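Those protein sequences? They're chains A and B, same order as listed.
For the first sequence, my numbering gives the first residue as 320, with consecutive numbering after it.
For the second sequence, my numbering gives the first residue as 320, with consecutive numbering after it.
For each residue, glycine too, the CB sits at the ideal point set by N, CA and C.
On a predicted model such as this, the values are computed, not experimentally measured, just so you know.
Beneath this line is the structure, given in structure tokens, with notes to follow.
Protein chains: 2
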Amino acid sequence: MEVIDGFPSTSGDEYPLNTTRFIEAAARNVPDREIVSGTGEDQFRYTYGEAYERMQRLANALEELGVEAGDRVGVLAWNDHRHYECYFGIPGTGAVFLQLNLRLHSDQLQYVLNHSEPRFLVVDESLLEVAEGVAHEVSSIEGFVVMTDNDLDEVETDLEPTFSYEDILTEAEPEYDWPYIDETSAYSACYTTGTTGRPKGVYYSHRNIYLHTMQLANSVGISHEDSVAQITPMFHGQGWGLAYAATYAGAKLAFPGRYQAENPEPLVDLIRDEDATVTNGAPAIFMPMLDYIRDLDDIPNWNDLQMMSGATEPPLDMMQGYKELTGAEIVHAYGATETTPLVTMNFIKPSLEEDLSEEEKLDMRRKQGLTVPGIEMKIVDPTTGEELPHDGESAGEILIRGPWVTSSYYDDDRTEHSFTDDGFWESGDAGVIDKEGYLKITDRIKDVIKSGGEWISSVDMENLLIEHPNVRDACVVGLEHPEWEERPFALVEVEDDFNREELDEILSQRFADWQLPDEIEFTDEIPKTSVGKNNKKVIREEYEGRYLD
Amino acid sequence: MEVIDGFPSTSGDEYPLNTTRFIEAAARNVPDREIVSGTGEDQFRYTYGEAYERMQRLANALEELGVEAGDRVGVLAWNDHRHYECYFGIPGTGAVFLQLNLRLHSDQLQYVLNHSEPRFLVVDESLLEVAEGVAHEVSSIEGFVVMTDNDLDEVETDLEPTFSYEDILTEAEPEYDWPYIDETSAYSACYTTGTTGRPKGVYYSHRNIYLHTMQLANSVGISHEDSVAQITPMFHGQGWGLAYAATYAGAKLAFPGRYQAENPEPLVDLIRDEDATVTNGAPAIFMPMLDYIRDLDDIPNWNDLQMMSGATEPPLDMMQGYKELTGAEIVHAYGATETTPLVTMNFIKPSLEEDLSEEEKLDMRRKQGLTVPGIEMKIVDPTTGEELPHDGESAGEILIRGPWVTSSYYDDDRTEHSFTDDGFWESGDAGVIDKEGYLKITDRIKDVIKSGGEWISSVDMENLLIEHPNVRDACVVGLEHPEWEERPFALVEVEDDFNREELDEILSQRFADWQLPDEIEFTDEIPKTSVGKNNKKVIREEYEGRYLD
């Protein structure tokens, strides 16, 4: 992009945007505001003031270990207060906070470590096994800081040398003189993992995180009066940045600790007990929570709760279920690791508030939403690159640029074909934008089913299928076809009876007959990727050739 | 300040922060959201979508006139929609939007113009006289764009050449291809005027305005659901940035047009009729509005209204009066032209919400408030420069730095002694910070009364005096004294009886006997500066030597 010069300003533009300012502000303005970590008997409570002291101790301790500005320090941890301390304590020194996805396959995790070359790993005791599975092959690592309530000599591991997180904090000085860090230097790194290929490194600058935090706080509307429950895993895309926005706004913060989708009780308790007004997560976690709530005797009153929902389109019955049962509002947002992630957020604009029926509003609110200020987004024909109209019909690839969008992958050849010449990131997502400006993702470009020269959206089809009460999950892929190029094939997890006619009936609401899947097959479990998405690569491989026989 | 380097990031940090993104977002996401301009019969209504088209026409029209990136374009206008169009239309091209204070003395205004060298002036027809009084002596000006509903040939002026704002917009193309502008280039300029010396030029960068807008929107909590009435004059410090924050958030916007403090009815009507939830202004305007409301038969319900109050400490009876009568909340904020202006904003932090009595909360809320995230503020001994503790007692000069604080004055020798070596702006304000972090301005450093080696705050004394029901206004200065160095002298505007004993009684609540003014003198009108502050320079000159006789 061409950038022109104007008249010189007198502003202090050399003053760098460093996220240290956010925790400083929280410790200064709301030192007594509470931070809650974990659930049940192991729950831990302290304040911004106390957290800030521990972050300063962590920064001093890292310097004692020899960590210098520019070094990478990896973190393998759950959503808890120690992980949160790393959010500020590591990058505040000028080092890079390397987020490690504990659900990654060990091959991929090892690749990430060898590619980013951290000098130290900070590991939760319960995740030592994950670290042990990969760290021996990573020569850059000089030591392991173990997050545990136990004494270090009770910790069993073959990793060495190890340090106790608590011990090094206790021994460190409680005050740290935060440096001012060039705002274009890396603050953190997160590796994005698709279904194919090696992870790609996104290294967020301090400026990037600073601006994203301010925007997220504004888009969600977080103030010091809010209580924020960070449910999205903190090891991926900074947990969508919510803990930063909460810190920036001085809101109460609640971390669930380790949790599993199969056991949603602690999450529901946390939101209820801490009077959360904002939380975030994916339908994969919000759905079992809703099921759990349905069976409760005392349904919580969540009239003040906004649930930021990402990853996939929120199912209609989930949105309605939460609203009717608890009063909570599901707010759909869209983004990716490459976009920090906030790109769009959904709200019903005032002019539509009166015009639309409740049903139409729900339909609207399932879309990915409106592009937030500061971000440029367009949809283009993936072949010609030509921009497509916002007519709600024309589907194309979504291109994104802005101050918190990555402009390359770290040390990676794939940078070359992932960005346009004028700096847009090619998301690989296919979508339409309606005349009101609402984005709707229709598919991954590579998952679009190309049949007889037309596009069929596999995602739309999946979303419709899972609306059937007996369908737990669904995956639709295009399989090679001698006549039509590709034809849709659906794999479904059904709970009870499997009735092809009923499913066709549902699909016929929005799909033409020629678009219906050639086959719908029953399965016990749809293969998933490490981040819980349908693993279409594996499914395609398993069923490829099926329509060629 | 020293800034260290870290590891390279992959973020798109070269993407410049340009305020054009804000109006683009409003026009994209809430094109039908209303903008109201003026009051009564001349009221004009349109939408963000329509305003955006006119801004594009303005940008094209300016280019037609020959305006280029880096050129200055001056604006002399009231708070209305055309002025608002200049907020985006001028700087969006890369030119500098030069704010001209229409209340400035012609000598000062002429100095500003000759110092900033605008190529064009955009002038409201009703302010042509002001322009005529100064522009003939400003050789840089090539033409005058007249904002008027009349035909140009009906406009009487000796300025030339003139252009009709409406005509050039009509003739211009409705679409404009906004350039990307280096974010450190000047977006706008505002000259700060003290009671002494020539105005000093603050040239805000695009980045500065962008970041300030995001912070203001977050601090106030503005969303697309709000309705914002811009009462603070838009020609000074961007009207404290509120119209930007409203645009950024997609809120409804209301401009009062031309108004006078003596006639508050249109302002009250505007806030009521447009269901304003946020407005801004100084006690000088909020006080007569409250007096007017008191006499109304139907008192407005302003339970949802936040009134951002700046310039001076809000009087207690004003805060209570609004709350009790209308439900509106006065929110005190502090800043200066040099700080864009947001430095502190007042809210009662959650931990104090329960601990303090209602009366203590009111006392707390009259303070300037808590430093917003991103800004660094400290108080120092003005002689030694040593930082003073936050004990609520130690008074010193307030120093400020941050991304929206100026780091110099444009082409001005006074830059040299206005900033510390590490980039703090020396505000000239004296204040104390309490242990909770709340700032309280006690005086201007130069207005502090130094008596017998102790400080007496002239501002505190003035604030107490105007709490007396019969006192309309008060000004306290230190006059030279042979024995004590200085002694306080008070000038008061009284409404009815003048009773020295009653005033002493009020002052004795907070001042020791030795601090009471040696004289309290009655006056019909306290001399004011162009921005409505007590003109202490004039008063000191008039009464100097009084205690020496």
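In the displayed model, Y757 (chain A) falls within coil according to three-state DSSP, outside both helix and strand. Between A508 (chain B) and R376 (chain B) a beta carbon distance of about 23 Å is seen, past the 8 Å cut, so the two are scored as non-contacting.
For N348 (chain B), a Cβ of chain A is located within less than 9 Å of the residue's own Cβ. In the DSSP secondary-structure assignment, S770 (chain B) is bridged to B:E773 and B:E804. In summary, the residues of the stretch 329-347 of chain A whose CB is separated from some CB of chain B by less than 9 Å are T329, S330, G331, D332, E333, Y334, P335, L336, R340, F341, E343, A344, A345 and R347, in the order they occur in the chain. Going by DSSP, S504 (chain B) is part of no alpha helix (DSSP H) at all; its letter is neither H nor E. At a cut-off of 9 Å, the C-beta of R364 (chain A) has no neighbouring C-beta in chain B. At a cut-off of 9 Å between beta-carbon atoms, E321 (chain A) makes contact with chain B.
For V662 (chain A), not one C-beta of chain B is nearer than 9 Å to its own C-beta. Within the same chain, and ignoring the five residues on either side of G646 (chain A) in sequence, the residues whose Cβ sits closer than 7 Å to its Cβ are N620, W621 and N622. A check of alpha carbon separations from A595 (chain A) across A:S849, A:L488 and A:P575 identifies A:P575 as the nearest. Within chain A, the residues whose beta carbon sits less than 7 Å from that of A536 (chain B) are N537, listed in sequence order. When the Cα atoms are used, H651 (chain A) and T842 (chain A) turn out to be separated by approximately 29 Å. Rounded to whole angstroms, the gap between the alpha carbons of M606 (chain A) and M637 (chain A) is 6 Å. In this structure the stretch 411-425 of chain A touches the stretch 550-570 of chain A; the number of beta carbon pairs closer than 8 Å is three or more.
Contact of S459 (chain A) with chain B by beta-carbon distance below 8 Å is absent, the smallest such distance being about 13 Å. Within the stretch 678-704 of chain B, the residues whose Cβ lies closer than 9 Å to some Cβ of chain A are L689, T690, V691, P692, G693, I694 and E695, listed in chain order. Under the three-state reduction of DSSP, K519 (chain B) is assigned to strand.
Taking A536 (chain A) as reference, the option from A:A570, A:L718 and A:T366 with the minimal CA-CA separation is A:A570.
For M606 (chain A), the enclosing alpha helix (DSSP H) stretches over residues P602 to R613. Exposed is the label assigned to H736 (chain B), since fewer than 16 other Cβ atoms lie within 10 Å of its Cβ. If you check each beta-carbon in the stretch 721-742 of chain A against every beta-carbon of chain B, the ones closer than 8 Å belong to G721, P722, W723, V724, T725, S726, S727, Y728, Y729 and G742.
By the Cβ neighbour-count rule, P801 (chain A) is exposed, with fewer than 16 other Cβ atoms within 10 Å of its own. Identification of chain B residues near Y522 (chain A) by a Cβ-Cβ cut-off of 9 Å yields F326, P327, S328, T329 and S330, ordered along the chain.
A straight line joining the alpha-carbon of R517 (chain A) with that of T656 (chain B) spans about 52 Å.
Within the stretch 383-430 of chain A, the runs of beta strand (DSSP E) at least 3 residues long that lie entirely inside it are, in chain order, 391-395 and 415-418. Contacts between P498 (chain A) and chain B, judged by CB atoms closer than 9 Å, involve E321, V322 and I323 in chain order.
Counting other Cβ atoms within 10 Å of its Cβ, R685 (chain B) reaches 16 or more and is therefore classed as buried. Sequence-distant Cβ neighbours of L644 (chain A) in its own chain, meaning closer than 8 Å and more than five residues away, are L609, I612, R613 and I618. Assignment of F341 (chain A) by DSSP, reduced to helix, strand and coil, places it in the helix class.
Taking each of A:D700, A:M696, A:G389 and A:E404 in turn and checking the Cα distance to G756 (chain A), the smallest one comes out for A:M696.
Interface criterion met: the Cβ of A388 (chain A) is under 9 Å from a Cβ in chain B.
With its beta carbon at least 9 Å from every one in chain B, E593 (chain A) lies outside the interface. Residues of the same chain with a CB within less than 6 Å of the CB of D741 (chain B), apart from the 5 flanking positions on each side, are M320 in chain order. The beta-carbon distance between D766 (chain B) and K855 (chain B), rounded to whole angstroms, is 6 Å. This is short enough to meet the 8 Å contact definition. Judged by DSSP secondary structure, H525 (chain B) falls within the alpha helix (DSSP H) whose first and last residues are H525 to V539.
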